[in-house]
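Per our numbering, the sequence shown runs over residues 82 to 219.
All residues carry an ideal CB built from backbone N, CA and C; glycine is no exception.
Treat the numbers as computed from the prediction; the structure is a model and nothing was measured.
Below: one structure, written as structure tokens.
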Amino acid sequence: MYLLPGEEVMFNRNEEWLTWQEHATEEYEFCPSWSGVVYFVSCRGVCPREKRPFACRTFPVLPYLSPGGALELRLDEAAVPVCPLVKAGDISLLDRRFLARVRLAWEELIKDPLIRDHVEWESRALDRRAGEPWRKLL
82 MYLLPGEEVM FNRNEEWLTW QEHATEEYEF CPSWSGVVYF VSCRGVCPRE
132 KRPFACRTFP VLPYLSPGGA LELRLDEAAV PVCPLVKAGD ISLLDRRFLA
182 RVRLAWEELI KDPLIRDHVE WESRALDRRA GEPWRKLL
């Protein structure tokens, strides 16, 4: 998963349970306001839960900003192969306390302009994909 801007300082890059990659923003498709390097980390199988990156802690939920700017939580459709809850397609199956805490965290995080830009950019990409003709086959 990709770390959010600034999240890399929470790690020393010597964690035995993580592998690290640096992805240059000009070589990958990132939010246009992001520049430089974005860190991609992957788990080697088992990790200390209290040290997991933010995206892992909130899995399988994604933030979504409506065109009007309202924050919503959505299931990450990319997680269908690994998460039965996403395959079920009903976010209400997740614990409501978990969802409330995820919402609070994202409400705070999107106060950061880089993170808000990213969430808005990803939200518009979700909107575009939702309108693709093949989705009617699902």
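- Item | Range covered by the alpha helix (DSSP H) that runs through TRP187 | 177-190
- Message: Give me the residue from GLU213, ARG133 and ASP198 with the minimum Cα distance to CYS112.
- Response: ASP198
- Can you name the start and end residues of the beta strand (DSSP E) that ARG155 belongs to? 152-156
- Query: Among TRP101, THR139, GLU108 and GLY150, which residue has its Cα nearest to the Cα of VAL122?
  - Reply: TRP101
- Message: Could you check whether VAL200 and LEU146 sit closer than 7 Å to each other, using their CB atoms as the reference points?
- Response: yes
- Run the CB neighbour count on TYR120, radius 10 Å, all protein chains shown included, and call it buried at 16 or more, exposed below. buried
- Query: With 16 as the cutoff for other CB atoms within 10 Å, does VAL118 come out buried or exposed?
  - Reply: exposed
- Task: Determine which residues share a DSSP beta bridge with SER123 and list them.
- Result: THR100
- Beta-carbon contacts of CYS164 that lie in its chain and below 6 Å, excluding the five residues immediately before and after: PRO141
- Query: When the distance is taken between beta carbons, is LEU156 closer than 7 Å to VAL167?
  - Reply: yes
- Measure the CB-CB distance between PRO134 and LEU195 and report whether it falls below 7 Å. no
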